[in-house]
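Following: one structure in structure tokens, then a few remarks.
Numbering (the numbering used here), first residue to last: 417 to 647.
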């Protein structure tokens, strides 16, 4: 039977402070999807509210010349338009090989403190199953705990959308906090590429924790996750 990966997307489609649409970021799902589905992995999607998980329209425009991204939009709408509620997956980690969180600014506002999502992360981690996240996706890890009650990220190396990258897109002032700062505050070592927008994937615990810095890192995160579930 094909392995299954549970992908959790944001339900937030608008940033009030900026008065602009947001959501999940297209290549951060399309690129890993190509890697995983291409290897026969079944993708199951969830979001806090269920139903349509909003796709950030800016990412569609930004990646209009990206074949993977555009093919995904054209051919796989059900993946993000027919998500199940995250709460329905609690207690079901045994059905899946891994858990994956794409980014976009949306997760900064809902998944960061979503109790059901945090419970899933802790359940997958307790069972020794890989948890992966890319760009703003690692925000979901901030409030997750180990079995002993300490932060999941404490003592580990992780990456995510950097302060310099957030500044470059002019969104720092609209964020509830800066992801780089908060990852470091958990006791983790925040690692970033030498230059903004360069690819960086950090693999910890033999593939049990995988983080990617930015959209350019999405395919690499997918490849690392596939390796982790097929060893």
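Heads up, the beta-carbon is just placed ideally off N, CA and C, and yes, glycines get one too.
Given 8 Å, three or more beta-carbon pairs between the stretch 604-615 and the stretch 448-460: no
Which ranges does the alpha helix (DSSP H) cover as unbroken runs of at least 4 residues, wholly within the stretch 572-624, from first to last along the chain? 579-584, 595-601
Give the single residue among 538, 581, 573, 515 whose Cα lies nearest to the Cα of residue 549. For the residues 538, 581, 573, 515, the minimum Cα distance to residue 549 belongs to 515.
Let's test the definition: count the other Cβ atoms within 10 Å of the Cβ of residue 504 and tell me whether it reaches 16, buried, or not, exposed. For residue 504, the number of other beta carbons within 10 angstroms of its own is below 16, and it is reported as exposed.
Residue 541 versus residue 527 - alpha carbon distance: 17 Å
Can you give me the C-alpha to C-alpha distance between residue 537 and residue 440, rounded to a whole angstrom? 19 Å
Quick check on residue 491: buried or exposed, where buried means 16 or more other Cβ atoms within 10 Å of its Cβ? exposed
Does the beta-carbon distance from residue 546 to residue 645 come in below 8 Å? Their beta carbons are under 8 Å apart, which means residue 546 touches residue 645 by this criterion.
Less than 8 Å separating the beta-carbons of residue 573 and residue 608? no
Could you tell me which whole alpha helix (DSSP H) segments of length 4 or greater appear in the stretch 532-557? Counting only runs of at least 4 residues, the stretch 532-557 fully encloses no alpha helix (DSSP H) element at all.
What's the C-alpha gap between residue 522 and residue 581? 16 Å
Anyone know if the C-beta pair for residue 512 and residue 422 falls short of 8 Å? yes
Given this structure, state the Cα-to-Cα distance separating residue 481 from residue 473, to the nearest angstrom. Straight across, the Cα-Cα distance linking residue 481 with residue 473 is about 14 Å.
Within the same chain, show all residues whose beta-carbon is closer than 7 Å to that of residue 584, passing over the 5 residues directly before and after it, in chain order. 612
Can you tell me whether residue 610 is buried or exposed? The criterion is at least 16 other CB atoms within 10 Å of its CB, across all chains shown. exposed
Does the distance from the C-beta atom of residue 588 to that of residue 629 stay below 8 Å? no
Within 8 Å, do at least three Cβ pairs link the stretch 595-606 to the stretch 564-571? yes
Distance, Cα to Cα, residue 447 vs residue 639? 10 Å
Let me check understanding here. Comparing Cα to Cα, which of 560, 591, 431, 499 lies closest to residue 467? Scanning 560, 591, 431, 499 for the CA closest to the CA of residue 467 turns up 499.
In whole angstroms, what is the alpha-carbon distance linking residue 470 and residue 509? 25 Å
Residue of 442, 525, 535, 532 minimising C-alpha distance to residue 496: 442
Spatial neighbours of residue 567 within its chain, please: C-beta separation below 7 Å, excluding the five flanking residues on both sides. 561, 602, 603
Going by Cα to Cα distance, which pick from 544, 475, 556 is closest to residue 563? Minimum Cα-Cα distance from residue 563 among the listed residues 544, 475, 556 corresponds to 544.
For the putative contact between residue 506 and residue 558, defined by C-beta atoms under 8 Å, what is the C-beta separation to the nearest angstrom? Actually they do not touch by this definition, with Cβ atoms about 19 Å apart.
Same chain, Cβ closer than 6 Å to residue 445, five either side skipped, listed in chain order: Closer than 6 Å at Cβ, skipping near neighbours: 518.
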